[in-house]
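A.B. asks: Attaching a single structure in C-alpha cells format; questions to follow.
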Amino acid sequence: MMRIHGFWPSWRRRLAPARKQRQSLSCAKRCNGDVGSTFLHARDNINHRKYAAGKEQMRPSTAGSVHTVPAILVFLALSAAVDATVVTTCKAAADSDKRVDYNFCVLELGKHHDSLDADTWGLAKMATKVGAGDAENAVADINTLLSKAGTDAKRIGVLVKCQLLYRDVEIAFEGAYDSINVRNYAAGKKEVVLATSLAHQCDDAFAKIAVPSPLKQHSLFTMKIAVICTAITNLIK
Numbered sequence: 103m104m105r106i107h108g109f110w111p112s113w114r115r116r117l118a119p120a121r122k123q124r125q126s127l128s129c130a131k132r133c134n135g136d137v138g139s140t141f142l143h144a145r146d147n148i149n150h151r152k153y154a155a156g157k158e159q160m161r162p163s164t165a166g167s168v169h170t171v172p173a174i175l176v177f178l179a180l181s182a183a184v185d186a187t188v189v190t191t192c193k194a195a196a197d198s199d200k201r202v203d204y205n206f207c208v209l210e211l212g213k214h215h216d217s218l219d220a221d222t223w224g225l226a227k228m229a230t231k232v233g234a235g236d237a238e239n240a241v242a243d244i245n246t247l248l249s250k251a252g253t254d255a256k257r258i259g260v261l262v263k264c265q266l267l268y269r270d271v272e273i274a275f276e277g278a279y280d281s282i283n284v285r286n287y288a289a290g291k292k293e294v295v296l297a298t299s300l301a302h303q304c305d306d307a308f309a310k311i312a313v314p315s316p317l318k319q320h321s322l323f324t325m326k327i328a329v330i331c332t333a334i335t336n337l338i339k
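Residue numbers (this note's numbering): 103 to 339.
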C-alpha cells in the first residue's frame, strides 16, 4: 500500500539528549525551601514565555545573597525539567496500560523539541516520530555492521533482511503518524502493532541462525514506544 509522506521529513533527525526529570526534582529537594520556591516560580514564568516576570524573580536580594550560587544551579536544572503535560500524560498512559514504561515514556517524549506545546493528540503523534527515528538509527547500525570485515555470509544475509525490515518499521510509524494526524486512531494503532511485529521478525531471523541479535535494543525500543503510542492514543478525547 502506497503512502504519501508529505508531512514527515522535517523532524527526521537525531533527537537531542535531555536531562532526566528526576535529576531536576532531586536537585530541587536539596535547595532551601524559600529559594527553591522562588526559582520554581521563575521557571514556570519562563516556560510560559513571561520573561520579564521570570527575570524579576531571578534577581537576588541582599539578604538572600548567600544562596545565590546554589539557587542559580537549581534554576538551571529545573528549567530543563520535562514539561508537565508529558509527565501527566505518561502517568495516565501507565495507569491505563501496565505495559507502559513510565520512565521511558517521560524520557523519550521529553527529549522532543515540540513537547512543551503538545497536547495528548500531539504526544501520540510524537511517539510515532520517536519510533521512526529509532528505526532510522537501526538501519544506520546495520550499515555499520555490514561494513565490518570478516562478517560471515549467514550474518550478512540476516542483516540485509533486517535492513529491509527496519525500513518498513520506519514506514509503519510514518503511516501511524499520518493516520493519527487525521484522527483515524484505529488505523494508527494498527500501524504501530505492525511496526512491533516487523522488528521482532529481525530478532527471529537471528535466532534461526543461532546468533544473538545485535539489534535487540532496537526491537525493544520499538515495542516500548508502540505500547506508549497506543496507550496515549487511547487517552485522546
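Cβ coordinates follow ideal geometry from the N, Cα and C atoms, glycine included.
Between which two residues does the alpha helix (DSSP H) containing H302 stretch?
C.D. replies: Counting from one through the sequence shown, the residue named residue 302 turns up at place 200. Residues 287–310.
A.B. asks: Quick one, which of A312, D203, V295, Y287 has its alpha-carbon nearest T222's?
C.D. replies: Start at 1 with the first residue of the sequence shown, and residue 222 comes out as number 120. If we check each option's Cα against that of T222, Y287 comes out closest.
A.B. asks: Alpha helix (DSSP H) containing D249: first to last residue?
C.D. replies: On the sequence shown, residue 249 is found 147 positions in, with the first residue counted as 1. The residue you asked about is not Asp; residue 249 is Ser in the sequence shown. Run containing S249: none; DSSP gives neither H nor E here.
A.B. asks: Measuring only the C-alpha atoms, how far is T187 from E210?
C.D. replies: The residue you call residue 187 lines up with position 85 of the sequence shown. The residue you call residue 210 lines up with position 108 of the sequence shown. Distance between the alpha carbons of T187 and E210: 13 Å.
A.B. asks: Note the first and the last residue of the continuous alpha helix (DSSP H) segment covering A328.
C.D. replies: To locate residue 328, count along the sequence shown from 1; it is residue 226. Run containing A328: 318–337, per the alpha helix (DSSP H) assignment.
A.B. asks: Determine the contact status of P316 and F323, defining contact as a CB-CB distance below 9 Å.
C.D. replies: The residue given as residue 316 occupies position 214 in the sequence shown. The residue given as residue 323 occupies position 221 in the sequence shown. In this structure, F323 does not lie closer than 9 Å to P316 by Cβ.
A.B. asks: Could you tell me the alpha carbon to alpha carbon distance between V342 and G233, rounded to whole angstroms?
C.D. replies: The displayed coordinates of the chain run from 103 to 339. Any statement about residue 342 would go beyond what the structure contains.
A.B. asks: Using the three-state DSSP reduction, which class does D221 fall into: helix, strand or coil?
C.D. replies: In the sequence shown, residue 221 corresponds to position 119, counting from 1. DSSP places D221 in coil when its eight states are reduced to three.
A.B. asks: According to the neighbour-count rule (16 or more other Cβ atoms, all chains shown, within 10 Å of its Cβ), is S281 buried or exposed?
C.D. replies: For the purposes of this step, residue 281 is taken as the residue at position 179 of the sequence shown. Buried, because 16 or more other Cβ atoms sit within 10 Å of the Cβ of S281.
A.B. asks: What is the DSSP secondary structure of D203, reduced to helix, strand or coil?
C.D. replies: Here residue 203 refers to the residue found at position 101 when the sequence shown is read from its first residue. DSSP places D203 in coil when its eight states are reduced to three.
A.B. asks: Have a look at T230, V202, N239 and flag the residue whose alpha-carbon is nearest the alpha-carbon of H214.
C.D. replies: As a first step, residue 214 is located in the sequence shown; it is residue number 112 there, counting from the start. Out of T230, V202, N239, T230 has the C-alpha closest to the C-alpha of H214.
A.B. asks: Taking the straight line between their C-alpha atoms, what separation do you get for S249 and K339?
C.D. replies: In the sequence shown, residue 249 corresponds to position 147, counting from 1. In the sequence shown, residue 339 corresponds to position 237, counting from 1. One C-alpha to the other measures close to 48 Å.
A.B. asks: Which residue's Cα is closest to the Cα of A255: A196, V313, H320?
C.D. replies: The residue labelled residue 255 in the question sits at position 153 within the sequence shown. Checked all of A196, V313, H320; the closest Cα to A255 is V313.
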